[in-house]
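To start, the structure under review is shown below, and the notes come after it.
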Amino acid sequence: MFSRTATFHDRRDAGSRLAAVLARFKEDRPLILALPRGGVPVAFEVARALEAELDLLLVRKIGAPGHQELAIGAVVDGKDPQLVLNHEIIAHAAPPPGYLEAEQKRQLAEIERRRQLYCGSAPPAEINGRTVIVIDDGIATGATMKAALRGVRRHEPRRLILAVPVAPPEALQDLAKECDEIVCLSAPDWFNAVGGHYTDFTQTSDEEVIALLAQAGSLHRSE
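Residues in the sequence shown are numbered consecutively from 421, following our numbering.
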């Protein structure tokens with residue numbers, strides 16, 4: 421892990437700089453999983469440099485009844501989608517019977533819709549037994565990433581690495597137990613928002629995600 425303050429021009433710049441640190445994993449032929457949409461341009465540069473397979477990791481939060489901003493769980497994409505629950509919050513929120521099942525079904529449908537939009541008919545990549553690097557453009561609270569890592573871990577990767585350009589130290593400390601290694605280029609003590617560490621933090625469009633995934637797929641198949 422690197423703990424120096426850095427500012428990135430844009431997500432592609434952050435990805436290139438992250439790729440240089442992750443180059444030691446190239447011989448492992450890792451699977452790169454990007455959290456859309458902002459994580460895709462970062463992950464694309466890593467996948468291109470490492471000549472690795474790139475896929476998406478879609479995560480959908482399940483909010484508490486009447487308090488959707490309070491996450492009681494999440495659904496994590498994959499060949500066998502995983503339901504990750506926060507049992508402590510569930511105990512306080514006391515969702516009614518059938519609520520979790522209905523929300524899981526609704527979020528699975530949204531994950532499927534987004535995967536069709538971004539990936540077409542291509543199935544999720546195989547995780548079991550592989551070195552997997554999970555990438556986003558940064559971490560704020562770490563709640564979504566925690567669910568993502570727990571979901572991936574259940575598919576039994578050989579090694580699970582979290583790689584991000586920037587995150588607050590306390591979030592990284594909390595996430596350390598969810599993976600085998602964290603690579604973070606900048607972990608400033610003063611942290612306001614991920615976008616504050618980029619010169620250009622323009623929102624990533626659906627069209628850019630689709631184009632980068634297609635380009636990454638063509639590069640990987642040609643290796």
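Note that the Cβ used here is the ideal one computed from N, Cα and C, for glycine as well. Nothing here was measured: the structure is a model prediction, and the numbers come from that model.
The beta carbon of Ala-522 lies closer than 8 Å to none in the same chain, with the five residues before and after it left out. A straight line joining the alpha-carbon of Pro-577 with that of Ala-434 spans about 25 Å. In the three-state DSSP reduction, Asp-433 falls in the helix class (H, G or I). In the structure shown, Arg-573 falls within a helical segment according to DSSP collapsed to helix, strand and coil.
Inclusion of Leu-478 and Arg-535 in the CB contact set at 8 Å is warranted, their separation being smaller than that value. Listed as beta-bridge partners of Phe-428 by DSSP are Tyr-618. Look at Cys-604 here: in three-state DSSP terms it is strand.
Per DSSP, reduced to three states, the secondary structure at Thr-564 is helical.
Taking the C-beta atoms as reference points, Pro-544 is found nearer than 8 Å to Asp-475.
The C-alpha of Lys-525 is placed about 27 Å away from the C-alpha of Ile-553.
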